[in-house]
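Visitor: One structure, pasted below without further comment.
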Amino acid sequence: IASAPAVAAWIGWEKSILHAFADGFQKAWSEWQRQLIVPSLPWYPPFATWPGPQATPMANVPTPLAAMIAPLFLAWLGAQMVSGVLGHGPVPGFAPPHSPVGPVVGGEVLPNPGCLAT
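Counting from 252, one number per residue, gives the positions in the sequence shown under the working numbering.
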């Protein structure tokens with residue numbers, strides 16, 4: 252993070268904030284990575300019947316990160332609440348007095364910061 256071209260030239264308090272963030276992120280990432288579990292995924296099919304006393308290094312079968320189990324992240328994820336997301340949109344079927352109500356069609360969400368809170 253600290254060596255990214257967009258921030259590498261920062262100095263003074265900006266550099267202090269950058270390093271504090273990078274250090275905190277690295278510690279959290281390392282803790283998450285340490286607890287990551289690969290649940291019985293078929294990463295190395297050739298290992299099922301290997302013709303020798305030692306298997307040579309080989310790459311795993313590509314797998315989405317979502318297939319892993321991360322207890323630390325799952326605990327955090329379960330504690331998060333999404334709230335205050337403002338939605339709006341047109342109601343094409345609204346035609347009083349015949350149709351005084353109708354469904355919103357093609358709605359969207361307003362960009363509103365702070366929707367993810369613990």
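Note that the Cβ used here is the ideal one computed from N, Cα and C, for glycine as well.
Predicted model, so just to flag it, every value in this text is computed and none were measured.
#1: For the segment 295-355, which segments carrying the alpha helix (DSSP H) assignment without a break, of at least 4 residues, lie completely within its bounds, in sequence order?
#2: Tell me the DSSP secondary structure of isoleucine 288 in three-state form.
#3: Relative to the C-alpha of tyrosine 295, which residue among Pro304, Pro308, Val356, Ser267 is closest?
Guide: Looking at the coordinates:
#1: Listed in chain order, they are 322-330.
#2: As a first step, residue 288 is located in the sequence shown; it is residue number 37 there, counting from the start. In the structure shown, isoleucine 288 sits in a strand (DSSP, three-state: E or B).
#3: Residue mapping note: residue 295 aligns to position 44 of the sequence shown, counting from 1. Closest by alpha carbon: Pro308.
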